[in-house]
Amino acid sequence: MNYARLLIKKIFNTSILLHIRNSIGFRPSIYSSFKNIKNGSSISDAFCWRTDQNFITTFKYTDIPKLFFDIKNSHVEIFIHSKNNILLKKLTINKLQLSNEIIIDKSFLDGLESYGSFYVFHKYKQNKNDNDDFSINNRCYTAYSKNGNLKSFVHGNLPAFHNNGKDEHYFTDIVKNTVFKNQTYIIQNNFNEYDKTELFFINPTSQKISITVNFDKFYLDPHCSKLLHVKKTNKVCIRSNSYFIRPIVFNYKNNYYDVYHS
Amino acid sequence: MNFFFGFKHKKFNTSLTIPKFQNRKKKISNYKLYQYYIDENKWKISEVIDSSYDDFYLINQDKTSNEKVYFLADEQQINKGSKNKLINYNNFTDTTPEYRSNLQVSIKNGGFSSYQSDYPFTMTNKNGSIMSSCSSVSNIDADENYIIFKNIFHLPIREKFNIFFINIVSKKVLKSEVVYTNFSNILSLDKELINPNVYLFSDRFIGIPMFLSIKNNHLSFEHTHPPHSFIMGKNQFKIIAKVKNELRKIIN
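From first to last, the protein sequence lines are chains C and V. One gets the numbering used here by counting positions in the first sequence from 1 and adding 250 to each. Mapping the second sequence onto the numbering used here, position 182 (from 1) lands on 171, and the numbers just tick up by one.
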């Protein structure tokens, strides 16, 4: 009996069956994969920006190559996209400080009142004596200030793109999707006390994904974003065909707001 | 297994909302909520009564403390517990993504801020150091800034250790504070320390640093990522250890 069980387990974990399991969402072995990321790469989370409803977005990031490897003269590239994944601005930032900041407001985006996503890549040359196999992962911090009030911080939590540092090709699909819409994610908070809740979704993959939030159904094209207003509820249940759909949450009560990752 | 925690301070209220369900499944568990606390150098466990509502447990301001930690288990598992060290009772909260509670800070008649928090059991068995930027999630233009440094250690000890604020460019210790194991330590963060070159470094024990800012009754509350979140590769921990050793040389 034990032998039969072991044999079934072995068959179940062969590479072809693993691929099938992960594709259909049946007892998947992985939800995301970093295995294609080469030494010297830079990985970026998908970060969200807002200039709608009097929001200003601040992004604070560290010169990670300098802090951990004493690599000087690296630079950072930031790609700012609209909610429909149209590139609005590309920034190349040289002469980095240990800690840096960019502010995304209406004037920065030529008067645009909207929202979207941005990605941050570190371009660096590894020191000659670096024997270590490593890549940089930017999961730094965004902050949202509404009506000039205190910024509310949230850290990155959704890996989206990577670049190998040698060319201008940016790879995606770190987060995996399934064929069927059978992935459930329930935000582990009670939303009953808030006057209003918004969920900021970004599709971190190259495939269109289908999302249902409680009873609201929508599609997100590749790398597009959507700000969803959620009707008053206790729980938020998200169904999709993606393994990692974790929106940024904006909660409002009276004149106050809070932002956190779900 | 994950622990959950709160903290108590006269200037603000806190509440802890712990879900009864895993984040990928709709089924509500039969587990109850228990709390650990130290009494006469032993771990005591008791069920948290009158905290259940809907699909959540709520630890509000009246029940919260800087000493207690919370977890989900059933009676059978609890009966196998130990008074001498924390036990990993079950894998119900070992989920991907992590099983989280909502830890919220608020001000009476004012604002609120929260983050999805947890303290993995694997962290409770470790000695070591943590490092964190003091400026990444602080607001220098806030009226007040605080660091809440939470340690949970597997032995029932309340031992003193130090947190240092180090300027990593000038390689100088700017300030040190005494904190305690198995405690939510609340420190006021001076504006001079909200500097891109200043890092918090703990000696001997690890924990979670959380940063709270208050201005005009608006709040911001978030934790910083551990340094290994920013590096990928087979030697990520070796790389981080090298950086921490440099900081250790500065404090010694």
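Even for Gly, the Cβ is constructed at its ideal location relative to N, Cα and C. All figures in this text were calculated on a predicted structure; none of them were measured in a lab.
Annotation for C/V509: the continuous beta strand (DSSP E) segment containing it runs Y506 to H511. One finds N440 in chain C with Cβ atoms closer than 8 Å to the Cβ of V/F45, taken in chain order.
By the C-beta density criterion, C/Q433 is buried, having at least 16 other C-beta atoms within 10 angstroms. Closest in alpha carbon position to V/G117, among V/F10, V/P215 and V/K16, is V/P215. Contacts between V/Q105 and chain C, judged by CB atoms closer than 8 Å, involve Q438, N439, Y510, H511 and S512 in chain order. Less than 8 Å divides the Cβ of C/S294 from the Cβ of C/Y369. Within the segment 282 to 337 of chain C, the runs of beta strand (DSSP E) that reach at least 3 residues and sit entirely inside it are, in chain order, 292 to 295, 297 to 300, 305 to 312 and 325 to 332. Taken in chain order, the members of the segment 380 to 400 of chain C whose beta-carbon sits within less than 8 Å of a beta-carbon on chain V are D382, D383, F384, S385, I386, N387, N388, R389, C390, Y391, A393, N399 and L400.
Under a criterion of Cβ atoms nearer than 8 Å, the residues of chain C adjacent to V/K15 are, in order, T434, I436 and C487. Counting C-beta pairs with one atom in each stretch, the segment 84 to 91 of chain V and the segment 28 to 39 of chain V have fewer than three that are closer than 8 Å, which means they do not touch.
For C/F262, the enclosing alpha helix (DSSP H) begins and ends at N252 to F262.
Within the segment 148 to 160 of chain V, I157 and V158 place their CB atoms closer than 9 Å to a CB of chain C, listed in sequence order. Per DSSP, reduced to three states, the secondary structure at V/V158 is coil, with no helix or strand assignment. Here DSSP, grouped into helix, strand and coil, assigns V/M199 to strand. DSSP places V/T6 in the strand class (E or B) of the three-state scheme. Residue-level contact by beta carbon holds for C/S349 and chain V, with a gap shorter than 8 Å. Counting along the chain, C/L268 sits inside the alpha helix (DSSP H) bounded by residues S265 to I274. Two segments are said to touch when three or more pairs of C-beta atoms, one from each, lie closer than 8 Å; by this definition the segment 197 to 205 of chain V touches the segment 130 to 140 of chain V. For the pair of segments examined, the segment 486 to 498 of chain C was found not to touch the segment 99 to 111 of chain V: the number of CB pairs separated by less than 8 Å stays below three.
Shortest Cα-Cα distance from V/K72 to any of V/K97, V/I146 and V/I240 involves V/I146.
At a cut-off of 8 Å between beta-carbon atoms, C/Y281 makes contact with chain V.
In the three-state reduction of the DSSP assignment, C/I461 falls in the strand class, which pools E and B. For C/I461, there are no C-beta contacts with chain V under 7 Å, since the nearest C-beta of that chain is about 15 Å from it. Just measuring C-alpha positions, the residue of C/F450, C/F500 and C/Y469 sitting nearest C/I459 is C/Y469. Listed as beta-bridge partners of V/R13 by DSSP are no residues whatsoever. In this structure, V/I7 sits near V/F45, with a CB-CB distance shorter than 8 Å.
One thing to note: V/M221 has its Cβ within 8 Å of the Cβ of C/N387.
In this structure, the beta-carbon distance from C/N407 to C/N491 does not fall below 8 Å.
Taken atom to atom, the span from the alpha-carbon of V/G99 to that of C/D508 is near 12 Å.
Note on geometry: alpha-carbon atoms of C/K340 and V/L144 lie some 51 Å from one another. By the C-beta density criterion, C/D313 is buried, having at least 16 other C-beta atoms within 10 angstroms. DSSP places V/T111 in the helix class (H, G or I) of the three-state scheme. Beta bridge pairing from DSSP links C/L341 with C/I328. Bounds of the beta strand (DSSP E) holding V/K31 are K31 to E36.
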